[in-house]
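Each remark here refers to the structure printed beneath this line.
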Amino acid sequence: MRGSGDKGGTAPLATALAERLVASRSAPLSALSRRWARDAMLDTVGVTLGGMGEPALQHLLALPGMAGATGRSTLLGIGATTGPLDAALINGTAAHALDYDDCATAAMLHPSAVLVPALLALGEHCGASGRRALLAYVLGFEAAMRIGIASVPAHLHRGWHPSATIGIFGATAAATTLLDLDTEATATALCIAASLASGIGGNIGSMTKPLHCGQAARHGVMAALLAQQGFSARETALDGRNGFFHVFNGLDAPDVDEVLGGWMSPSTIETTELGPKLYPCCGSTHSSIALALKLRREQNIEPDQIAGIDIRINPTRLLNIDTPDPQTPLASKFSLQYVVARALSQGQVRLGDFEGGAFNDPAIRSLMARTSVGGLADGSPKGPVDFRSRLTVRLISGQVLEEAGESGEWRGPRDPLTEDEAWTKFHDCTRRSVTDEAARVGFSALLDLEDSTDIAATLAPFREGALLKFPFSNN
């Protein structure tokens, strides 16, 4: 039977989802679920600290009254606290500002950039423990992925940015878990969130893209807090007439069982390729970067040997990254030509490549001028999650080198980052906003998040060791 819509029958999707969320709060999480939630939260705190000094955040923080509320929710790397709504907005925007946050390609989401800022902001507000925060992450991830997988690819084809429009349901589910709302209030919060979902693909590559994640985090927290107070919403706002699935996907709602079948058996976080990024730029470029690094490493290519470069990828992926002449550091993150030239030239792609005037490096520009890009010609793409790439490098000697493959180059459950690798990325990000000592103490505290009795204490190093100060600071 299809989702109930307005026709009676089975329970509305929001109610069915809420029932499962509430029931799951008392069930033990597996060690693997706890590990992946912890690693995702640690990685997201790192990239948030790195993103806090970006121009997008400077503009956001300059708004009149921004972060003016009194509260105990940390603005990471700033040394200030505020209310949970503004903390979720600001940290959520920062979390996605570097485009270095994790990916879950099955639903085309950057889940943690929405989930983590929301649950940390609300968790500090209500004094949540580390164990409760991990539970909130796992259940929020489950909810977002269930709705996301049921929505892709139609959702993408209609131009939405799923990290925001789907991510909000993850943030809402996490927030209702922290507040321990009952089934009715949890369902109401999800239906409120359906009206607050927003974010269009047309703004990818601009400062507005990370703002999408901040807004989704904020609105997820707000939906839960409103529901806690008795705010109302229609119970069919997800799967009814003019509900989320109809409006955002242009489709009838799927079966409730199709969306929620096999709930937490095992948890989606254990079976989905969620993992941290290795390169601080758009994920659609990562397969090509990996191929370029492989060619350089195995063939000992030097830039002055290269006569031409040709890159072919899924045409759907190409839409946002065919930027042959980036004019800002942000635009260079969405330039396939730039990032491949960097990889071939220096054997790595790092944060510093997207700072200041790095995008105008004459040697890199010379390689970019010899680069062509296009869609793969070998049949139709397998869909938006098709990350295939083919890289051809012609040398001045006449030799032609080619590599092809499909690798998002983010490290999923089958190949997790080691603690040393996680620290290297974390430290590279946090140098922008906290002292080295704060980074080390905070990293250690996040590794032990499960044992924390109050996540406010876990985040204390990032307040006390903050290097960024803004005029609005209420400390």
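Residue 208 in the numbering used here sits at position 50 of the sequence shown; the count goes up by one each step and never skips. All C-beta atoms, glycine included, are put in the ideal place defined by N, C-alpha and C. Every value quoted in this text rests on a predicted model; they were computed, and no experiment measured them.
Is the beta carbon of residue j closer than 7 Å to that of residue i?
i, j, result
"V497", "A375", "no"
"T330", "A381", "yes"
"G378", "A333", "yes"
"L494", "T443", "yes"
"E608", "G288", "yes"
"E177", "I613", "no"
"G229", "T240", "yes"
"P269", "G209", "no"
"I554", "Q463", "yes"
"G533", "G372", "no"
"P574", "D201", "no"
"R454", "G505", "yes"
"G211", "L626", "yes"
"V417", "R304", "yes"
"A262", "M365", "no"
"S547", "F517", "no"
"L277", "A294", "yes"
"A195", "L292", "yes"
"D586", "L502", "no"
"F492", "C440", "yes"
"E393", "A172", "yes"
For the putative contact between residue i and residue j, defined by C-beta atoms under 8 Å, what is the C-beta separation to the nearest angstrom?
i, j, result
"G306", "P320", "6 Å"
"F620", "L234", "5 Å"
"L432", "A198", "7 Å"
"V310", "A265", "6 Å"
"L348", "L409", "The Cβ separation is near 19 Å, so there is no contact."
"D415", "V180", "Their Cβ separation, rounded to whole angstroms, is 18 Å, which puts D415 and V180 out of contact at 8 Å."
"S191", "E428", "6 Å"
"A225", "I248", "6 Å"
"T616", "L605", "The pair is not a contact, with the Cβ atoms about 10 Å apart (cut-off 8 Å)."
Got a sec, what are the start and stop residues for the alpha helix (DSSP H) residue i sits in?
i, result
"I350", "341-354"
"T251", "242-255"
"T474", "473-476"
"G325", "325-337"
"A597", "594-605"
"S270", "270-284"
"A562", "That residue, A562, is in no alpha helix (DSSP H); its beta strand (DSSP E) goes 558-564."
"L418", "414-418"
"T426", "426-429"
"G298", "288-309"
"G372", "366-386"
"V100", "A question about residue 100 goes unanswered here, because the residues of the chain that appear run from 159 up to 633."
"M210", "That residue, M210, is in no alpha helix (DSSP H); it is neither H nor E in DSSP."
"I613", "613-616"
What does the Cβ neighbour count give for residue i, buried or exposed, with the cut at 16 atoms within 10 Å?
i, result
"E560", "exposed"
"S445", "buried"
"E579", "exposed"
"P412", "buried"
"A185", "exposed"
"V558", "exposed"
"T335", "buried"
"L451", "buried"
"P182", "The sequence given here places Ser at residue 182; Pro does not occur at that position. It is buried - the Cβ of S182 has at least 16 other Cβ atoms within 10 Å."
"V170", "Before going further, note that residue 170 is Pro rather than Val in the sequence given. Classification of P170: buried, given that the 10 Å Cβ count is 16 or more."
"K165", "For K165, the predicted structure reports a pLDDT of 47, less than 50, and the residue's modelled location is therefore unreliable. The matter cannot be settled from this model."
"P438", "buried"
"P275", "buried"
"G161", "Here the model assigns G161 a pLDDT of 44, short of 50, so the residue's position is not dependable and the matter cannot be decided."
Could you tell me which of the options sits nearest to residue i, measuring between CA atoms?
i, options, result
"R589", "L207, P574, T239, S445", "L207"
"A252", "A294, L277, G204", "G204"
"A352", "L339, L337, E342, T323", "T323"
"G357", "I248, W318, I350, D338", "W318"
"L436", "T430, T426, I447", "I447"
"P484", "I459, F512, F402", "F512"
"A499", "L171, L525, P482, A489", "L525"
"A255", "L369, F492, S530, H404", "L369"
"L384", "T474, L243, A618, G285", "L243"
"K367", "L488, R290, A465, I350", "L488"
"G623", "D594, L604, D606", "D594"
"R523", "P438, R193, G466, A220", "G466"
"L354", "A391, T616, L617", "A391"
"G419", "E300, H585, R196", "E300"
"E564", "I471, L277, A615, L476", "I471"
"T346", "F584, A174, S231, A596", "A174"
"R475", "F545, T481, S530, F403", "F545"
"P461", "G398, G226, T529, G515", "T529"
"V507", "R598, K583, A312", "K583"
"D257", "I479, A535, A562", "I479"
"I236", "V592, A596, V599", "V592"
Check for me: the beta strand (DSSP E) holding residue i runs from which residue to which?
i, result
"S231", "231-233"
"L549", "546-553"
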